[in-house]
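Per this note's numbering, the sequence shown starts with residue 590, numbered consecutively. One structure is given below, encoded as structure tokens.
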Amino acid sequence: MQSVLFTAETSSNGVVERDFTVGEVTGVLWSPASGSDRAPLVLMGHGGGTHKKAPGMVGRAHRLVTNCGFHVATIDAPGHGGRPRTAVDEQEIGALRQAMAAGEPVGPIVVRYNAHLAERAVPEWQATLDFLQELPEIGAEGPVGYFGLNMGTAIGVPLTAIEPRIVAAVFGIFWHDSLAETAKQITVPVEFVLQWDDEHIPRQSGLALFDAFASKEKTLHANAGRHKELPRFEVDSAVRFFARHLGRTVTSTA
């Protein structure tokens, strides 16, 4: 078994934040500050070029904890945050920057690189989930959700496809190219978001990925705007989605 260690703990606004490591993987767990009763767990994947404690990640985690009493966990993807880059990471990041500087499409590079990251990250997420479910405040019997956009979708789709402990997922803002066949294996409830005017991801590609999910319950949220203009109210929608499917009551989304 990989070594597991809590490395730091802070508390603010009713949320306890605990840094941890699972082997070489760095992560963070947010939990309600009051009470030790068991509560559902939401796994949250960050976007490309960011890390586990990016402002958006912290904000989403706090909403899920304070509004529903969930535990929320995320880990740094390979080559992100506090984790060293491999030669492949450096090569792909260099290719991405070169394409952006030249005004060339970045989709083929992002899709290829994120598929490589997913191969490394999926087993890391499973090991992290094993560890988290050993904690008395989470346990092995409670429901688990997954919330990840952009690269969080590239990693989350193959994870959800093979991980029976995940019972509901929020995905979106990614190409269908490398994920459509895997998405066909997913039958849990899905909420999917896309940006109608995305300058990187063709609208039909996002729609094709949504269509590929085999879930009987799946909802498409198409918002006007460009790639990085996802409306803040989509976080409120995700909170309500997880409350409904993980068995909690939303206290407020204000």
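Note that CB positions come from ideal geometry on N, CA and C, so glycine has one too.
Do you know offhand how far residue i's Cα is from residue j's?
i           : j           : result
residue 598 : residue 609 : 9 Å
residue 804 : residue 763 : 18 Å
residue 833 : residue 749 : 18 Å
residue 783 : residue 759 : 11 Å
residue 810 : residue 605 : 31 Å
residue 669 : residue 726 : 28 Å
residue 729 : residue 649 : 24 Å
residue 654 : residue 836 : 14 Å
residue 769 : residue 754 : 21 Å
residue 828 : residue 615 : 25 Å
residue 780 : residue 708 : 23 Å
residue 686 : residue 786 : 22 Å
residue 831 : residue 635 : 18 Å
residue 713 : residue 652 : 25 Å
residue 794 : residue 788 : 12 Å
residue 601 : residue 620 : 11 Å
residue 732 : residue 699 : 31 Å
residue 637 : residue 722 : 27 Å
residue 676 : residue 839 : 45 Å
residue 644 : residue 751 : 29 Å
residue 796 : residue 745 : 17 Å
residue 607 : residue 720 : 14 Å
residue 798 : residue 658 : 31 Å
Report the partner residues of residue i according to the DSSP bridge assignment.
i           : result
residue 594 : 610
residue 698 : For residue 698, which the question treats as bridged, DSSP gives no partner whatsoever.
residue 621 : 604
residue 639 : Its beta-bridge partners do not exist; DSSP assigns none.
residue 661 : 619, 631
residue 838 : Its beta-bridge partners do not exist; DSSP assigns none.
residue 599 : 606
residue 733 : 630, 755
Take the Cβ of residue i as the centre, count every other Cβ of all protein chains shown within 10 Å, and call the residue buried at 16 or more, exposed below.
i           : result
residue 656 : buried
residue 594 : exposed
residue 641 : buried
residue 772 : buried
residue 628 : buried
residue 814 : exposed
residue 710 : buried
residue 603 : exposed
residue 757 : buried
residue 679 : exposed
residue 613 : exposed
residue 717 : buried
residue 673 : exposed
residue 822 : exposed
Report yes or no: is there a C-beta of chain D within less than 8 Å of the C-beta of residue i?
i           : result
residue 667 : This model lacks chain D altogether, as it is built from one protein chain only.
> Taking the runs of the alpha helix (DSSP H) that are 4 residues or longer, which of them lie wholly in the stretch 740-819?
Replying inline: Taking 4 residues as the minimum length, the alpha helix (DSSP H) runs contained wholly in the stretch 740-819 are 740-751, 769-772, 792-801, in order along the chain.
> Would you call the stretch 733-752 and the stretch 696-705 in contact, with 3 or more CB pairs under 8 Å?
Replying inline: Touching, yes, given that three or more Cβ pairs across the two stretches are closer than 8 Å.
> So, do the stretch 655-669 and the stretch 684-696 have three or more beta carbon pairs nearer to each other than 8 Å?
Replying inline: Cβ pair count under 8 Å is below three, so no.
>> Whether or not the stretch 771-779 and the stretch 797-815 are in contact is what I'm after, with contact meaning three or more pairs of Cβ atoms, one per stretch, closer than 8 Å; do they touch?
In response: Yes, the stretch 797-815 touches the stretch 771-779.
> Which runs of the alpha helix (DSSP H) fall wholly inside the stretch 672-719 and span at least 4 residues, in chain order?
Replying inline: Within the stretch 672-719, the complete alpha helix (DSSP H) runs of at least 4 residues are 676-691.
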